[in-house]
Amino acid sequence: MALDADALAALADFGKNLPGGSEDESGGEDESVRSSTAESGAVFEEGSGSNPDISSENIPAAWENFSGDPEVIACLLEAVAAEVNCEQTDLRPETGLRTQLDFDDLSLYAVVARFEGKLGEKRSDGQIVECKTLGELARLYQSQ
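Per this note's numbering, residue 1142 is the first one in the sequence shown, and the count goes up by one each step.
The structure is reproduced here in structure tokens:
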């Protein structure tokens, strides 16, 4: 599996929050990072917008009753399918990230980096690791 620059950056950021990860001398996060995520828990990047090519017609049937932005769902399914080398139609909202997809931290953040790159949005590591299913991960990126 080859990681692109976004995936490597996400892994480096994630590593800072692990025990023994690099932190500043005060033992915490960089103040600018803490202040940018403290209010909403999310960091947004420029360039996010809707993709006119994505519609609910492109979403697998298993996601029909899942309320949410088709762009978010399509980007998530594309990223996950590429990581685990499966068909998007095999992925359901209740699919467990660690239990059924066998994601470890590296594979989760490879998906997140690809996903966030397409959406132009970022979420905190704490929010991401709380997600247990694909549906929970999709909802995280739909909330603003």
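Even for Gly, the Cβ is constructed at its ideal location relative to N, Cα and C.
Going by C-alpha positions, LEU1218 is about 20 Å away from SER1265. Inter-segment contact for the segment 1242-1260 and the segment 1207-1227 is present: three or more beta-carbon pairs are separated by less than 8 Å. According to DSSP, residue pairing for GLY1237 in a beta bridge involves THR1274.
Put simply, the segment 1205-1212 does not touch the segment 1235-1246. Fewer than three CB pairs are less than 8 Å apart. Taking the CA atoms as reference points, GLY1267 sits about 11 Å from LEU1281. CA-CA distance, ALA1223 to PHE1207, rounds to 21 Å. Counting C-beta atoms within 10 angstroms of its own C-beta, ALA1202 has fewer than 16 neighbours from the protein chains shown and is therefore classed as exposed.
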